[in-house]
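Trainee: Note that UniProt numbering has the sequence shown beginning at 2, numbered continuously upward.
Beta carbons: idealized from backbone N, C-alpha and C, even for Gly.
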Amino acid sequence: PKTAYVRTKPHLNIGTMGHVDHGKTTLTAAITKVLAERGTGTFVPFDRIDKAPEEAARGITINIAHVEYETDTRHYAHVDMPGHADYIKNMVTGAAQLDGAILVVSAADGIMPQTAEHVLLARQVGVDHIVVALNKADAGDEELIELVELEVRDLLAQNGYDGDAVPVIPVSGLKALEGEPRWTASIEALLDAVDTYVPMPERYVDAPFLLPIENTLTITGRGTVVTGAVERGTVHVGDRVQVLGAEVESVVTGLETFGKPMDEAQAGDNVALLLRGVPRDAVRRGHVVAAPGSVEPARRFRAQVYVLSGREGGRTTPLTTGYRPQFYIRTADVVGDIDLGDAAVARPGDTVTMTVELGRDVPLESGLGFAIREGGRTVGAGTVMEVLG
Ligand code: GDP
Ligand code: MG
2 PKTAYVRTKP HLNIGTMGHV DHGKTTLTAA ITKVLAERGT GTFVPFDRID KAPEEAARGI
62 TINIAHVEYE TDTRHYAHVD MPGHADYIKN MVTGAAQLDG AILVVSAADG IMPQTAEHVL
122 LARQVGVDHI VVALNKADAG DEELIELVEL EVRDLLAQNG YDGDAVPVIP VSGLKALEGE
182 PRWTASIEAL LDAVDTYVPM PERYVDAPFL LPIENTLTIT GRGTVVTGAV ERGTVHVGDR
242 VQVLGAEVES VVTGLETFGK PMDEAQAGDN VALLLRGVPR DAVRRGHVVA APGSVEPARR
302 FRAQVYVLSG REGGRTTPLT TGYRPQFYIR TADVVGDIDL GDAAVARPGD TVTMTVELGR
362 DVPLESGLGF AIREGGRTVG AGTVMEVLG
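As structure tokens, then:
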């Protein structure tokens with residue numbers, strides 16, 4: 002029998018951000034190694050994180066690798082995303098709900114374009130606390146490290162963070178993985194900074210239960226399992242739920258987090274729910290599991306949208322009324338028509354108001370973030386202002 006999950010420590014969701022090749026995945030592996038040695042985690046080697054094999058084998062498009070670990074005071078789920086596009090998609094849509102982030106900056110290279118973009122994105126989606134890992138400190142001299150530190154504090158301040166207060170910790174993920182004591186200590190220092198600088202966020206545990214489905218799988222003989230992060234509320238084994246998108250009702254007959262059974266899952270937890278009597282092909286990524294009757298799906302809404310510039314990987318030509326891109330809302334991917342009203346065009350770099358009509362009903366509410374994508378690139382990042390029906 003599996004050991005049950007015991008909620009002895011507060012749970013937080015964090016993740017690494019930063020420019021490609023600055024060492025996010027190496028650092029993630031190093032954190033799990035250091036904590037495995039402390040006895041509060043399981044070592045996850047680099048290639049297990051970078052390939053996310055179970056997900057690839059199931060042919061699922063989401064590319065987030067989750068690892069879990071504990072420090073002395075907290076339980077963390079940590080996401081490491083492989084590419085820049087994954088950050089835009091998963092952070093804006095809320096698929097990766099980060100309570101805090103570790104910004105990885107190579108001390109040998111300094112700030113690069115994706116460093117700046119991820120800081121901008123983090124600010125936009127409400128990641129209020131960032132801790133900086135000045136990685137590859139083994140490869141940079143003291144003066145260079147100090148220079149990069151100033152540069153990073155400046156970038157954070159420009160984006161509305163407290164540039165002076167943010168902890169900036171020189172680390173070497175690579176040398177810590179190799180077991181060098183000096184650099185193992187640097188990872189300990191980084192984790193202490195995360196423990197103390199990132200506050201416990203407010204959890205909406207009293208709201209009706211809602212979980213956007215990230216993934217589905219079948220357990221032979223037992224039924225269909227859906228996975229995702231609980232956005233709000235709580236759920237227990239035996240609770241009746243509704244799957245919006247599939248239009249089915251079911252009962253939760255099993256509940257797990259990272260392979261451990263639990264009696265109650267709450268807002269912020271990453272969980273798998275076993276649903277009684279639901280055929281696997283009835284549910285999919287993008288559907289939402291909710292307390293019955295607690296949400297009213299809709300397809301029309303008014304939104305404020307930032308149109309990414311060409312430099313940010315967006316379009317070089319304006320958007321016009323009648324444009325029909327894909328909308329990424331929570332974990333869903335839905336086509337939608339845009340109406341710009343009197344403005345008629347929205348240029349790259351502009352922030353505009355638009356009315357959107359989606360191709361199908363999804364649970365919507367004001368304040369919800371979304372990304373607009375076409376042909377594999379993100380062209381806009383928006384927020385729902387008003388649901389129209
Ligand atoms: P990511 O794209 O940000 O996830 O970066 P990776 O973790 O894949 O690392 C990119 C490259 O930098 C790899 O060749 C790593 O071995 C190397 N690297 C990562 N961390 C360190 C470090 O602390 N010191 C040095 N010298 N190299 C590192
Ligand atoms: Mg990586």
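Report all residues from its chain with a CB closer than 8 Å to the CB of H12; omit the five preceding and five following residues, and keep chain order.
Mentor: Hits under 8 Å: R75, H76, Y77, A78, G269 and D270.
Trainee: Entirely within the segment 323-355 and at least 3 residues each: give me those beta strand (DSSP E) ranges in chain order.
Mentor: DSSP runs (the beta strand (DSSP E)) wholly in the segment 323-355: 327-330 and 333-340.
Trainee: Whole alpha helix (DSSP H) runs in the segment 232-275 with 4 or more residues, listed along the chain?
Mentor: Correct list: empty.
Trainee: Quick check: the segment 110-118 against the segment 150-163, are at least 3 beta-carbon pairs closer than 8 Å?
Mentor: Result yes; three or more Cβ-Cβ pairs closer than 8 Å.
Trainee: How long is the line joining the alpha carbons of L245 and P209, rounded to whole angstroms?
Mentor: If you take the alpha carbons of L245 and P209, they lie about 14 Å apart.
Trainee: Excluding the 5 residues flanking G377 on each side, which residues of the same chain have their C-beta closer than 6 Å to its C-beta?
Mentor: Hits under 6 Å: none found.
Trainee: Just to check, is the beta-carbon of D48 closer than 8 Å to a non-hydrogen atom of the ligand MG?
Mentor: No - the ligand MG has no heavy atom lying nearer than 8 Å to the Cβ of D48.
Trainee: Based on Cα-Cα distance, which residue from I89, T29 and K90 lies nearest to A66?
Mentor: The shortest C-alpha separation from A66 is found at T29.
Trainee: Check for me: the beta strand (DSSP E) holding A117 runs from which residue to which?
Mentor: Segment P114 to Q125 is the alpha helix (DSSP H) holding A117; no beta strand (DSSP E) there.
Trainee: Measure the Cβ-Cβ separation of V272 and Q305 and say whether it is below 9 Å.
Mentor: Contact: no.
Trainee: With DSSP as the reference, label M82 as helix, strand or coil.
Mentor: Here M82 sits in coil by DSSP.
Trainee: Determine the contact status of V133 and V80, defining contact as a CB-CB distance below 9 Å.
Mentor: Their beta carbons are not under 9 Å apart, which means V133 does not touch V80 by this criterion.
Trainee: Determine whether the beta carbon atoms of H85 and G383 lie at a separation below 9 Å.
Mentor: Contact flag unset, no.
Trainee: Which term fits R286, buried or exposed, when burial requires 16 or more other beta carbons within 10 angstroms of its beta carbon?
Mentor: Buried, since its Cβ has 16 or more Cβ neighbours within 10 Å.
Trainee: Put E387 into one of helix, strand or coil per three-state DSSP.
Mentor: Here E387 sits in strand by DSSP.
Trainee: Go through its chain and collect everything with a Cβ distance to V126's Cβ below 7 Å, but skip five positions before and after it.
Mentor: Only M92, V93 and G370 meet the Cβ criterion.
Trainee: Counting only runs of 4+ residues fully inside the segment 270-323, write out the alpha helix (DSSP H) ranges in chain order.
Mentor: Those alpha helix (DSSP H) runs which fall completely within the segment 270-323 and span 4+ residues do not exist here.
Trainee: Indicate whether the contact test is met: 3 or more Cβ pairs, each with one atom in the segment 130-150 and one in the segment 222-239, closer than 8 Å.
Mentor: Output reads no: the segment 222-239 does not touch the segment 130-150.
Trainee: What residue does the beta strand (DSSP E) around I146 start on, and which one ends it?
Mentor: Per DSSP, I146 belongs to no beta strand (DSSP E); it is in the alpha helix (DSSP H), E143 to Q159.
Trainee: Based on the DSSP secondary-structure assignment, which residues constitute the bridge partners of P364?
Mentor: Answer is P298.
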